[in-house]
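If you read the protein sequences in the order shown, they are chains A and B. So the first sequence is numbered by the working numbering: it starts at 8 and just counts up by one. So the second sequence is numbered by the working numbering: it starts at 39 and just counts up by one. Every residue, glycine too, gets a C-beta built ideally from N, C-alpha and C. Given the structure is predicted, the values throughout are model-derived calculations rather than measurements.
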Amino acid sequence: MDPVISVRDLWKVFGPNAPRVAASDELKALSRQELMDRTGAVAAVRGVDFDVAPGEMFVVMGLSGSGKSTLVRCLTRLVEPTAGTIMFEGENILEADAKRLRDLRRNKFSMVFQHFGLLPHRTVADNVGYGLEIRGVPRVKRGERSQEVIDLVGLAGYEKSYPDQLSGGMQQRVGLARALAGDPDVLFFDEPFSALDPLIRRDMQSEVIRLHREVGKTMVFITHDLSEALKLGDRILIMRDGKVVQVGTGDELVGAPADDYVRDFVKDVPRSNVLTLKWIMRPPRPDDDLDGPELAPETVVREAVRSVLGADKPVKVVRDGELLGVVANEEILGVVAGEA
Amino acid sequence: MAAVTAVTAAPQQPPRLFRHRKSLIFGGIVLAWLVLWVVLRDTWTLSLGAADLTPLHRWINDVNDAVGASRNSNPVFLYFFNEIRLVIDEFVTFVQALIAQPSFGRPVPVIGWLGVVAIAGFVSLAVAGWRIALLAVAGFVFLGLQGLWQESMDTLSLTLAAVVISLLVGIPLGIWAGLSDRANRVLTPVLDFMQTMPTFVYLAPLTLFFLIGPASATIATLIYAAPPAIRITAHAIRSVPRTTVEASESLGATRNQTLVKVLLPSARKTIVLGVNQTIMAALAMVTIAALIDAPGLGKTVVKALQTLDVGTAFNAGLAIVVLAIVLDRVTTAAASERRTLPRWALFGGAGVTAVCVYLSYTYLWAAEFQSDVEIGSSINKGATAVTEWAQDSLPVLTGGFKDFVTFALINPLQVLLAESPWFLVALVITVLSFMIGGVRSAIVSAVCVALLIATGLWQDSMITLASTLVATVLVMALGIVVGVWMGRSRRADRVIRPVLDAAQVMPAFVYLVPFLALFSASRFTAIIAAVVFAAPVAIKIIADGIRAVSPATVEASTALGSSSWQTIVKVQLPMARGALTLAANQGLIYVLSMVVVGGLVGAGALGYDVVAGFSQGQLYGKGLAAGLAIVVLGVMLDRLTQAAAKRWTN
Numbered sequence: 008m009d010p011v012i013s014v015r016d017l018w019k020v021f022g023p024n025a026p027r028v029a030a031s032d033e034l035k036a037l038s039r040q041e042l043m044d045r046t047g048a049v050a051a052v053r054g055v056d057f058d059v060a061p062g063e064m065f066v067v068m069g070l071s072g073s074g075k076s077t078l079v080r081c082l083t084r085l086v087e088p089t090a091g092t093i094m095f096e097g098e099n100i101l102e103a104d105a106k107r108l109r110d111l112r113r114n115k116f117s118m119v120f121q122h123f124g125l126l127p128h129r130t131v132a133d134n135v136g137y138g139l140e141i142r143g144v145p146r147v148k149r150g151e152r153s154q155e156v157i158d159l160v161g162l163a164g165y166e167k168s169y170p171d172q173l174s175g176g177m178q179q180r181v182g183l184a185r186a187l188a189g190d191p192d193v194l195f196f197d198e199p200f201s202a203l204d205p206l207i208r209r210d211m212q213s214e215v216i217r218l219h220r221e222v223g224k225t226m227v228f229i230t231h232d233l234s235e236a237l238k239l240g241d242r243i244l245i246m247r248d249g250k251v252v253q254v255g256t257g258d259e260l261v262g263a264p265a266d267d268y269v270r271d272f273v274k275d276v277p278r279s280n281v282l283t284l285k286w287i288m289r290p291p292r293p294d295d296d297l298d299g300p301e302l303a304p305e306t307v308v309r310e311a312v313r314s315v316l317g318a319d320k321p322v323k324v325v326r327d328g329e330l331l332g333v334v335a336n337e338e339i340l341g342v343v344a345g346e347a
Numbered sequence: 039m040a041a042v043t044a045v046t047a048a049p050q051q052p053p054r055l056f057r058h059r060k061s062l063i064f065g066g067i068v069l070a071w072l073v074l075w076v077v078l079r080d081t082w083t084l085s086l087g088a089a090d091l092t093p094l095h096r097w098i099n100d101v102n103d104a105v106g107a108s109r110n111s112n113p114v115f116l117y118f119f120n121e122i123r124l125v126i127d128e129f130v131t132f133v134q135a136l137i138a139q140p141s142f143g144r145p146v147p148v149i150g151w152l153g154v155v156a157i158a159g160f161v162s163l164a165v166a167g168w169r170i171a172l173l174a175v176a177g178f179v180f181l182g183l184q185g186l187w188q189e190s191m192d193t194l195s196l197t198l199a200a201v202v203i204s205l206l207v208g209i210p211l212g213i214w215a216g217l218s219d220r221a222n223r224v225l226t227p228v229l230d231f232m233q234t235m236p237t238f239v240y241l242a243p244l245t246l247f248f249l250i251g252p253a254s255a256t257i258a259t260l261i262y263a264a265p266p267a268i269r270i271t272a273h274a275i276r277s278v279p280r281t282t283v284e285a286s287e288s289l290g291a292t293r294n295q296t297l298v299k300v301l302l303p304s305a306r307k308t309i310v311l312g313v314n315q316t317i318m319a320a321l322a323m324v325t326i327a328a329l330i331d332a333p334g335l336g337k338t339v340v341k342a343l344q345t346l347d348v349g350t351a352f353n354a355g356l357a358i359v360v361l362a363i364v365l366d367r368v369t370t371a372a373a374s375e376r377r378t379l380p381r382w383a384l385f386g387g388a389g390v391t392a393v394c395v396y397l398s399y400t401y402l403w404a405a406e407f408q409s410d411v412e413i414g415s416s417i418n419k420g421a422t423a424v425t426e427w428a429q430d431s432l433p434v435l436t437g438g439f440k441d442f443v444t445f446a447l448i449n450p451l452q453v454l455l456a457e458s459p460w461f462l463v464a465l466v467i468t469v470l471s472f473m474i475g476g477v478r479s480a481i482v483s484a485v486c487v488a489l490l491i492a493t494g495l496w497q498d499s500m501i502t503l504a505s506t507l508v509a510t511v512l513v514m515a516l517g518i519v520v521g522v523w524m525g526r527s528r529r530a531d532r533v534i535r536p537v538l539d540a541a542q543v544m545p546a547f548v549y550l551v552p553f554l555a556l557f558s559a560s561r562f563t564a565i566i567a568a569v570v571f572a573a574p575v576a577i578k579i580i581a582d583g584i585r586a587v588s589p590a591t592v593e594a595s596t597a598l599g600s601s602s603w604q605t606i607v608k609v610q611l612p613m614a615r616g617a618l619t620l621a622a623n624q625g626l627i628y629v630l631s632m633v634v635v636g637g638l639v640g641a642g643a644l645g646y647d648v649v650a651g652f653s654q655g656q657l658y659g660k661g662l663a664a665g666l667a668i669v670v671l672g673v674m675l676d677r678l679t680q681a682a683a684k685r686w687t688n
């Protein structure tokens with residue numbers, strides 16, 4: 008399947024001489040600090056490549072200052088990238104003129120913000136309908152559509168409230184509804200739940216998972232919280248100092264960290280929740296009984312614990328009838344005990 | 039060369055030693071000054087008699103005459119200044135015709151008092167609620183009862199006209215400065231300059247181009263009242279959260295859509311606050327513009343002050359206060375919250391207002407304010423009686439205080455500044471500037487001193503400088519005492535702050551009246567009026583500075599066993615020194631801007647020169663030069679306090 012978004016060698020440099028930096032291979036090779044010292048410019052995003060598949064939940068994770076917020080803003084050109092290409096449904100966004108860009112923003116993608124960005128002088132319903140209003144949708148139709156998404160995000164009954172009368176979680180639901188109202192192809196989330204309490208955050212994460220399942224949109228989700236990334240992401244991109252460190256599924260990051268940075272990051276992750284059998288299976292030994300139960304390599308370790316420990320023979324890991332390896336008690340216990 | 043190196047190297051020395059040495063040097067300079075003053079007293083003082091002119095003054099007079107003669111032939115005037123004057127004149131006359139002056143062949147204005155009161159009440163009801171509406175109605179009726187209806191309406195017309203033009207110019211400029219960094223960079227220094235200039239200084243040059251009268255008054259008011267509108271609008275636009283704007287952009291809004299649907303509605307409250315500031319500034323300036331023949335309450339006050347008729351001045355001053363309170367309350371309430379009036383109240387109110395306006399258009403009783411209970415003359419008599427009583431029976435109190443300040447503070451400083459040879463004072467000022475702010479400050483001060491000499495008003499400038507410094511010292515003393523009290527006690531803050539807020543919206547003029555009553559016309563009266571005018575700003579800045587000191591630090595100091603006094607002197611004041619220097623800076627500017635007004639009540643010197651220049655043709659040039667000297671003094675003091683602030687807070 009063709010990717011919806013395809014980013015190649017994307018650069019964003021702030022400060023004086025930004026284009027000069029992006030054009031010079033020598034300067035691009037410098038570290039952030041060296042570049043700062045030499046030119047006074049700050050490279051927020053440095054040569055980033057990735058693809059997002061249709062319907063995928065793609066998470067970009069990094070600590071503060073890693074450039075992740077700048078990256079997502081570059082994708083919609085809220086921040087103008089310095090160099091590179093961003094293909095969106097086969098069209099290079101960087102070449103779009105102001106009008107085309109506006110059209111894309113109105114119809115193709117929308118964004119949910121960390122601090123909500125609601126309009127304090129408008130009711131919930133008017134906030135949700137704002138995107139439709141600026142593209143000139145008539146009032147009645149706007150009302151109907153707003154009501155639909157308000158119901159979808161569970162805000163029914165609050166249509167007439169003003170943002171400052173709602174809790175943080177509710178306000179972010181308004182932000183979510185506003186982004187959904189225009190029926191975009193792609194939703195961008197910029198750390199949408201970082202400002203919320205932990206319990207509310209968990210609710211909202213489930214809400215996003217539910218919405219993702221129901222509306223099936225492509226989503227790009229920015230976060231600094233690894234557990235959030237692992238919970239939501241089909242695939243996760245880890246950023247550090249403006250560069251991509253690793254892209255992969257959650258179990259790939261935990262099972263095969265690309266470097267010490269990622270390893271350190273995923274150290275405290277409860278591995279049995281993330282790792283799948285394919286990461287812990289071993290080749291069958293001659294003395295193994297190979298007539299035990301079968302499981303798929305994508306089975307998460309936690310879900311396999313019962314069957315592996317319950318069986319008196321090693322469990323076979325099988326895909327399409329082919330034996331990939333076996334998992335016995337010591338492999339399972341190795342993962343579970345390693346967490347303690 | 040060696041000496042220069044030594045001096046510039048000084049700051050690198052250990053700070054304690056340096057500071058110690060600095061005060062020694064300072065003492066040495068003052069001592070040398072005193073000795074030289076005794077020796078050279080009253081020589082080379084560059085004094086100039088009240089009616090004497092310098093060539094510069096005569097030249098300005100000539101320019102004035104030449105401009106006057108060519109006013110109707112020179113194309114710049116014909117097609118530019120005269121056009122502006124005509125348009126503004128037309129506009130002001132139109133507003134006056136509506137509510138203040140007999141017009142359109144009628145013996146009375148179009149809308150009589152009943153109509154104006156009804157409109158005031160209805161507008162207040164719609165934007166500020168019924169309490170404020172009641173206040174507005176009561177206030178306007180009170181103006182009528184004072185016997186000052188027409189004067190009040192003249193002042194109101196001029197104020198409204200100036201406000202409308204200020205907002206027409208100011209809000210778009212403010213939006214522009216809010217949206218564009220470049221525009222903001224260009225506008226900010228211009229606004230700074232407009233606002234640090236003492237208010238009346240531009241009255242004189244304006245009369246040169248626009249003659250005296252309502253048009254000049256309106257333009258002067260415009261210059262004074264537009265900056266807050268521009269500044270606050272720009273600030274309001276800039277303080278809309280970045281995310282909100284981004285959210286709008288991310289949904290594909292055009293620039294205009296974001297402006298109209300996001301920025302302006304979000305900034306609305308703050309912009310209304312700017313409107314409030316503009317109205318208050320306009321009212322203050324319109325009353326002062328009486329000096330260049332603007333009609334209204336200000337004129338009544340000026341005339342009364344010139345004849346020392348305290349009763350009349352008090353009555354008219356009270357009317358200005360009432361007008362100020364009503365305008366301030368209505369606009370403040372409008373900014374505070376969104377209010378939706380029930381439909382019936384809106385329509386009912388509109389109906390009643392329409393009927394009242396019609397009545398006041400048709401019937402004389404509703405047009406001209408006539409009342410059997412005329413309280414103006416009672417206020418007048420009462421104020422006069424109180425004045426006479428105060429001057430007769432409290433001479434020990436008032437006279438004692440006055441004599442103390444005059445002989446202990448004003449006279450010594452004035453004698454030292456004004457009766458030393460000019461080169462001595464100039465040298466002292468330059469050296470002190472160098473000690474305060476280094477080479478740059480010294481150069482600025484030297485240039486300012488040279489300009490003062492060039493205006494031909496050196497001695498007058500020194501007298502004014504003495505008064506200004508004394509007044510500023512008093513302002514700071516008052517500011518520190520009250521400000522620390524307010525900063526440390528929430529209750530004191532709650533009680534005092536509203537009084538200060540109210541005091542700040544009053545036009546400068548009003549302050550002169552009660553002090554004129556107590557102390558009669560003298561330098562001292564002007565100084566005290568300036569102190570009272572400037573104190574609220576200084577007090578508020580210092581109180582906020584004290585409050586901003588981290589509570590944790592204060593707590594730590596208390597935990598170590600500091601007494602309250604030790605906490606104030608060793609912790610709170612040193613940590614609030616940024617606020618202290620800002621207060622001194624603002625205090626100086628405010629005091630200086632009161633100097634001209636003080637000229638009306640015996641302050642003499644530059645203030646008197648300016649006032650005399652307005653009223654007597656042959657002194658026009660001298661007045662203009664005096665205005666220039668005030669600006670130069672202002673720039674010099676402003677730069678010096680800022681340099682001191684920089685050095686002290688780092």
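field: Cβ separation of glycine 645 (chain B) and glycine 637 (chain B), assumed to be a contact under 8 angstroms, to the nearest whole Å
entry: Rounded, the Cβ-Cβ distance is 3 angstroms, consistent with contact.
- prompt: Within 8 angstroms (strictly less), CB to CB, does proline 589 (chain B) reach chain A?
  reply: With 8 angstroms as the cut-off, proline 589 (chain B) does not count as an interface residue toward chain A.
query: Taking any Cβ of chain A, which residues in the stretch 287-311 of chain B have a Cβ under 8 angstroms from it, in chain order?
result: For the stretch 287-311 of chain B, which is checked against every Cβ of chain A, the residues closer than 8 angstroms are Glu287, Ser288, Leu289, Gly290, Ala291, Thr292, Gln295, Lys299, Val300, Pro303, Ser304, Arg306.
- prompt: For the stretch 211-280 of chain A, which segments carrying the alpha helix (DSSP H) assignment without a break, of at least 4 residues, lie completely within its bounds, in sequence order?
  reply: Fully enclosed alpha helix (DSSP H) runs of 4 or longer: 233-239, 257-262, 267-273.
message: Starting from tryptophan 460 (chain B), trace the alpha helix (DSSP H) in both directions and tell me its first and last residue.
response: Its alpha helix (DSSP H) spans residues 460-492.
- request: Could you round the C-beta distance between glycine 494 (chain B) and leucine 86 (chain B) to whole angstroms and report it? I think they count as a contact, below 8 angstroms.
  value: Cβ-Cβ separation between glycine 494 (chain B) and leucine 86 (chain B): approximately 6 angstroms, consistent with a contact (criterion under 8 angstroms).
message: Taking the straight line between their C-alpha atoms, what separation do you get for alanine 683 (chain B) and threonine 619 (chain B)?
response: In this structure, the straight-line span from the alpha carbon of alanine 683 (chain B) to that of threonine 619 (chain B) is close to 5 angstroms.
message: Could you check whether the Cβ of aspartate 104 (chain A) sits closer than 8 angstroms to any Cβ belonging to chain B?
response: Taking CB atoms only, aspartate 104 (chain A) has no neighbour in chain B less than 8 angstroms away.
query: Does the beta carbon of threonine 282 (chain B) come closer than 8 angstroms to any beta carbon on chain A?
result: With 8 angstroms as the cut-off, threonine 282 (chain B) counts as an interface residue toward chain A.
Integer Cβ distance of alanine 311 (chain A) from glycine 299 (chain A), believed to fall under 8 angstroms: At roughly 12 angstroms, the Cβ-Cβ gap does not stay under 8 angstroms, so alanine 311 (chain A) and glycine 299 (chain A) are not in contact.
- prompt: Just reading off the alpha helix (DSSP H) that aspartate 347 (chain B) is part of, what are its end residues?
  reply: Per DSSP, aspartate 347 (chain B) belongs to no alpha helix (DSSP H) and is neither H nor E.
- prompt: With distances taken between CB atoms, is the gap from arginine 289 (chain A) to valine 333 (chain A) smaller than 8 angstroms?
  reply: Between arginine 289 (chain A) and valine 333 (chain A), the gap from beta carbon to beta carbon is short of 8 angstroms.
message: Cutting at 8 angstroms between CB atoms, please list the residues of its own chain near serine 314 (chain A), excluding the five before and the five after it.
response: Once the five neighbours on either side are set aside, the close Cβ partners of serine 314 (chain A) are Pro300, Leu302, Val322.
message: My output table needs one value for phenylalanine 178 (chain B): the three-state DSSP class, helix, strand or coil.
response: Reduced to three states, the DSSP call for phenylalanine 178 (chain B) is helix.
message: Considering only their Cβ atoms, is the gap separating alanine 546 (chain B) from alanine 629 (chain B) smaller than 8 angstroms?
response: A small correction: the amino acid at residue 629 (chain B) is valine; alanine does not occupy that position in the sequence shown. No; because the gap between Cβ atoms is not below 8 angstroms, this pair is not in contact.
task: Can you tell me which of B:Gly475, B:Val278, B:Val283 puts its alpha carbon nearest to the alpha carbon of alanine 305 (chain B)?
output: Residue B:Val278 is the option with its Cα nearest to alanine 305 (chain B).
message: Only counting the same chain, and skipping five residues up and downstream in sequence, which positions put a Cβ closer than 7 angstroms to that of alanine 48 (chain A)?
response: Excluding five sequence positions before and after alanine 48 (chain A), the CB atoms of its chain that fall closer than 7 angstroms to its own CB belong to Val20, Phe21, Gly22, Pro23, Asn24, Ala25, Val28, Leu42, given in chain order.
message: Less than 8 angstroms between the C-beta atoms of glutamate 284 (chain B) and leucine 187 (chain A), yes or no?
response: Going by C-beta atoms, glutamate 284 (chain B) is not nearer than 8 angstroms to leucine 187 (chain A).
task: Indicate the three-state DSSP secondary structure (helix, strand or coil) for valine 342 (chain A) in the structure shown.
output: Helix.
message: DSSP three-state label for methionine 684 (chain B), please.
response: It is worth fixing the name first, because residue 684 (chain B) is lysine in this sequence and not methionine. When DSSP states are grouped into helix, strand and coil, lysine 684 (chain B) belongs to the helix group.
message: Could you check whether the Cβ of methionine 177 (chain A) sits closer than 8 angstroms to any Cβ belonging to chain B?
response: Residue-level contact by beta carbon fails for methionine 177 (chain A) and chain B, as no gap is shorter than 8 angstroms.
message: Assuming the contact rule is C-beta atoms closer than 8 angstroms, leucine 196 (chain B) and valine 130 (chain B) should be a hit. Round their C-beta distance to whole Å, please.
response: Indeed, because the Cβ distance is near 6 angstroms, the residues count as touching under 8 angstroms.
field: Cβ distance (whole Å) where alanine 156 (chain B) is taken to contact cysteine 394 (chain B) below 8 angstroms
entry: Yes, alanine 156 (chain B) and cysteine 394 (chain B) are in contact; Cβ-Cβ is about 3 angstroms, under 8 angstroms.
message: What does the Cβ neighbour count give for glutamate 121 (chain B), buried or exposed, with the cut at 16 atoms within 10 Å?
response: Counting other Cβ atoms within 10 Å of its Cβ, glutamate 121 (chain B) stays below 16 and is therefore classed as exposed.
query: Over what stretch of residues does the alpha helix (DSSP H) that includes arginine 280 (chain B) continue unbroken?
result: 280-288 is the extent of the alpha helix (DSSP H) around arginine 280 (chain B).
field: Integer-rounded CB distance, given that leucine 297 (chain A) should sit under 8 angstroms from lysine 291 (chain A)
entry: According to the sequence provided, residue 291 (chain A) is proline. The question's lysine does not apply to it. 6 angstroms between Cβ atoms; contact.
message: For methionine 118 (chain A), would you say it is in contact with chain B, using Cβ-to-Cβ distances shorter than 8 angstroms as the test?
response: The beta-carbon of methionine 118 (chain A) is placed less than 8 angstroms from the nearest beta-carbon of chain B.
Helix, strand or coil at valine 77 (chain B) according to DSSP, with G and I counted as helix: Judged by DSSP in its simplified three-state form, valine 77 (chain B) adopts helix.
- prompt: Going along chain A in order, which residues have a C-beta closer than 8 angstroms to the C-beta of alanine 373 (chain B)?
  reply: For alanine 373 (chain B), there are no C-beta contacts with chain A under 8 angstroms, since the nearest C-beta of that chain is about 14 angstroms from it.
Residues bridged to tryptophan 18 (chain A) (per DSSP): For tryptophan 18 (chain A), the pairing in a beta bridge is given by DSSP as A:Ala90.
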